[in-house]
Each structure stands twice: as structure tokens, then as C-alpha cells.
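>
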Amino acid sequence: MTVNALNDGTKSGTLANLANFLRFLASASENPELCDPGLHQAILQASLTAGQLEKAGMSAQKETNQAEQIIEN
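Spelled out as C-alpha cells, the structure:
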């Protein structure tokens, strides 16, 4: 069985872990002596996309929590 260290069992946590990992890779791949510039751009784009998805997920969760509070009251 393969264990995925990024997957913490929750959608939001896994997405946050993925976004953090991609930010790390984007930072590490900035040096053209270590990484092809095209690959760096692809990693950077993936990192930005994961960050946007993470923010959208947090916003959706906040709206869900607010709706649940309204229903409970």
C-alpha cells in the first residue's frame, strides 16, 4: 500500500498540504542550474492554482459554517 504524506484525510488539509508542497517546489526550482526554466514555470503555475483552490475551499467552508449557524439559530 502506498502512503501519501500530503493526504491527511481531509479535503481542506490535503489541499493545504499540496499547496505548501508546490510552493516549496516552486521556490526550490527557481535556480536555472538546478531546474529547467520550463519545468519551473509549470511548477509555479501549479503552485498558484493550488493556492487559488485552497483559498476557494476556505471561503466555501466559511460560507457553509455561517449557513449552519443560521439554521441552528
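The sequence shown stops at residue 1182 when you use our numbering, and every number in between is there.
Don't be surprised by glycine CBs; every beta carbon is placed ideally from N, CA and C.
1. So what does DSSP say about PRO1141, is it helix, strand or coil?
2. Can you give the Cα-Cα distance for ASN1113 and THR1123, rounded to whole angstroms?
3. Within this structure, are the beta carbons of ASN1126 and LEU1115 separated by less than 8 Å?
4. With a CB to CB cut of under 8 Å and the five nearest residues on each side skipped, what residues in its chain are close to GLN1170?
5. GLU1177 to ALA1165, Cα distance in whole Å?
Inspection of the coordinates gives the following:
1. Position 32 of the sequence shown holds residue 1141. In the structure shown, PRO1141 sits in coil (DSSP, three-state: anything other than H, G, I, E or B).
2. As a first step, residue 1113 is located in the sequence shown; it is residue number 4 there, counting from the start. As a first step, residue 1123 is located in the sequence shown; it is residue number 14 there, counting from the start. Looking at the two C-alpha atoms, the distance is approximately 10 Å.
3. Taking the first residue of the sequence shown as position 1, residue 1126 is located at position 17. Taking the first residue of the sequence shown as position 1, residue 1115 is located at position 6. Yes.
4. If you number the sequence shown from 1, residue 1170 lands on position 61. If we look at GLN1170 and ignore the five residues flanking it on each side, its Cβ neighbours are SER1121.
5. As a position in the sequence shown, residue 1177 is number 68, starting the count at 1. As a position in the sequence shown, residue 1165 is number 56, starting the count at 1. Taking the straight line from one Cα to the other gives about 18 Å.
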